[in-house]
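Counting from 16, one number per residue, gives the positions in the sequence shown under the working numbering.
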Amino acid sequence: MRNDANRLIQVFDYFVFPSIFEGLGMVLIESQASGLPCFASDQIPRETKLTSLISYTSLQESPKKWAEKILQYDVTRDRQNISQQACESIRKKGYDISCESGKLLQMYQK
Numbered sequence: 016m017r018n019d020a021n022r023l024i025q026v027f028d029y030f031v032f033p034s035i036f037e038g039l040g041m042v043l044i045e046s047q048a049s050g051l052p053c054f055a056s057d058q059i060p061r062e063t064k065l066t067s068l069i070s071y072t073s074l075q076e077s078p079k080k081w082a083e084k085i086l087q088y089d090v091t092r093d094r095q096n097i098s099q100q101a102c103e104s105i106r107k108k109g110y111d112i113s114c115e116s117g118k119l120l121q122m123y124q125k
């Protein structure tokens with residue numbers, strides 16, 4: 016198992032997730048935080064949509080349709096700025112370990 020997934024994600028242009036079944040799909044949240052446009056199957060829980068960087072497509076659609084959607088996305092955008100905005104959005108929605116661990120600690124101390 017690798018512990019440098021964040022570094023690997025940085026070299027991607029897109030993240031494609033055509034899963035038939037998935038729980039929450041933390042990798043989609045991590046990919047959004049990295050500023051990656053994410054293309055997921057419509058079988059993925061909508062709770063993964065924490066930014067505007069993710070779209071869902073039916074697995075019944077053809078591979079050509081998936082490719083067309085992906086290629087419409089402009090990858091020349093300012094990835095660092097997009098990532099910063101995405102991280103802020105994700106934090107506001109409760110995915111911040113420092114904030115959430117403090118809340119958990121308070122619960123256990125009661």
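Yeah, the Cβ is synthetic: ideal placement off N, Cα and C, and Gly gets one too.
- [ ] With a threshold of 16 other CB atoms inside 10 Å of the CB of residue 52, please say whether the residue is buried or exposed.
- [x] Residue 52 sits at position 37 when you count from the first residue of the sequence shown. Per the 10 Å Cβ criterion, buried.
Open item on the list: Rounded to whole angstroms, what is the Cα-Cα separation between residue 27 and residue 125?
Closed with: The count along the sequence shown starts at 1 and reaches residue 27 at position 12. The count along the sequence shown starts at 1 and reaches residue 125 at position 110. A straight line joining the alpha-carbon of residue 27 with that of residue 125 spans about 44 Å.
Task: Reference residue 38, options 56, 98 and 74, closest by Cα - done: Within the sequence shown, numbered from 1, the residue matching residue 38 stands at position 23. Nearest option by C-alpha distance: 56.
TODO: Please confirm whether residue 50 and residue 98 have their CB atoms less than 7 Å apart.
DONE: Here the question's residue 50 lines up with position 35 in the sequence shown. Here the question's residue 98 lines up with position 83 in the sequence shown. Yes, the pair counts as a contact, with Cβ atoms nearer than the cut-off.
Open item on the list: Across the stretch 85-93 and the stretch 58-66, are there enough close Cβ pairs to call them in contact, namely three or more that are closer than 8 Å?
Closed with: Contact fails: fewer than three Cβ-Cβ distances are below 8 Å.
- [ ] Could you tell me which of 80, 119 and 58 sits nearest to residue 33, measuring between CA atoms?
- [x] Within the sequence shown, numbered from 1, the residue matching residue 33 stands at position 18. Residue 33 has its Cα closest to that of 58, out of 80, 119 and 58.
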